[in-house]
Amino acid sequence: MRVVLITILLSVITDGAARATVVVPADLNQLSREAVAIARGHIVAVEPQWKDDRRGIETLVTLETETYLKGSLGSAVQFRVPGGSLGRFRSVVVGAPQFTVGQHVILFLGSHGPTIPYVLGLSQGVYRLTQSPQGDLMVTPPVIAAASDGPIVRGSLRPSSLGDFERQVRALVGTGR
Numbered sequence: 004m005r006v007v008l009i010t011i012l013l014s015v016i017t018d019g020a021a022r023a024t025v026v027v028p029a030d031l032n033q034l035s036r037e038a039v040a041i042a043r044g045h046i047v048a049v050e051p052q053w054k055d056d057r058r059g060i061e062t063l064v065t066l067e068t069e070t071y072l073k074g075s076l077g078s079a080v081q082f083r084v085p086g087g088s089l090g091r092f093r094s095v096v097v098g099a100p101q102f103t104v105g106q107h108v109i110l111f112l113g114s115h116g117p118t119i120p121y122v123l124g125l126s127q128g129v130y131r132l133t134q135s136p137q138g139d140l141m142v143t144p145p146v147i148a149a150a151s152d153g154p155i156v157r158g159s160l161r162p163s164s165l166g167d168f169e170r171q172v173r174a175l176v177g178t179g180r
């Protein structure tokens, strides 16, 4: 009994902050509505850096844009992603997207004032482009976006053609839904 009381007392006294990542599923309608910009392009730089307080790592990613489906942030846009690796240190944020130079993506970007943009919904705001065996560009939804419509089952992450996806997003942006 005494050990339990001491343990509880120590846990109350210590100033350890518990941190958690909570990702609320967002569908394509919500992402389209909340995005300041929706950009298609390829990743040209991935630069991990210390946060201002040196208590964490974030990654500054540069996208060379090919087109915008909503808004415009210029021919190259930089955005922040939580987590990354610097030397022997690694910061992992569950749900945060990871990028490599050369990847083709469609990004749903948000912003708070004049700051560097961020990806909406962590990985939910990243749609990756791949090439089909026929040479067509296909858009693959993020895993969590597919899960928001129900449980993930084999085959539920079906890619759609780039043209169909862009038409759907432009229609959602145009209607303001």
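When you read off a place in the sequence shown, starting at 1, and then add 3, the result is the number in the working numbering. Don't be surprised by glycine CBs; every beta carbon is placed ideally from N, CA and C. Since this is a predicted model, take the numbers as computed values, not measurements.
Report task. Can you check DSSP and say which residues form a bridge with glutamate 67? Result -> The residue you call residue 67 lines up with position 64 of the sequence shown. Glutamate 67 is bridged to His45, Ala79.
Report task. Can you check DSSP and say which residues form a bridge with glycine 50? Result -> Numbered from 1 along the sequence shown, position 47 holds the residue referred to as residue 50. The sequence shown places glutamate at residue 50, rather than the glycine named in the question. Looking at the DSSP assignment, glutamate 50 forms a beta bridge with Leu63.
Query raised in the report: Helix, strand or coil for glutamate 169 per DSSP?
Result: Taking the sequence shown and counting its residues from 1, the one referred to as residue 169 is at position 166. Helix.
Report task. Please go through the same chain and pick out, in chain order, the residues whose beta-carbon is closer than 8 Å to the beta-carbon of leucine 175, but skip the five residues on each side of it. Result -> Looking up residue 175 in the sequence shown gives position 172. If we look at leucine 175 and ignore the five residues flanking it on each side, its Cβ neighbours are Leu31, Asn32, Ser35, Arg36.
Query raised in the report: To which residues of the same chain is phenylalanine 168 closer than 6 Å at the C-beta, ignoring the five residues directly before and after it?
Result: On the sequence shown, residue 168 is found 165 positions in, with the first residue counted as 1. Counting only Cβ-Cβ distances below 6 Å, and skipping sequence neighbours, we find Val142.
Requested in this report: Report yes if the C-beta distance between arginine 131 and valine 108 is below 7 Å; otherwise report no.
Outcome: Here residue 131 corresponds to residue number 128 of the sequence shown, with the count starting at 1. Here residue 108 corresponds to residue number 105 of the sequence shown, with the count starting at 1. Cβ atoms of arginine 131 and valine 108: closer than 7 Å.
Query raised in the report: Does the distance from the CB of serine 1 to the CB of glycine 98 come in under 7 Å?
Result: The question about residue 1 has no answer here: the residues shown for the chain are numbered 4 through 180.
Query raised in the report: Going by beta carbon distance, what residues of the same chain come within less than 8 Å of arginine 83, once the five residues before and after it are set aside?
Result: Numbered from 1 along the sequence shown, position 80 holds the residue referred to as residue 83. If we look at arginine 83 and ignore the five residues flanking it on each side, its Cβ neighbours are Glu61, Thr62, Leu63, Val64, Ile119, Pro120, Tyr121.
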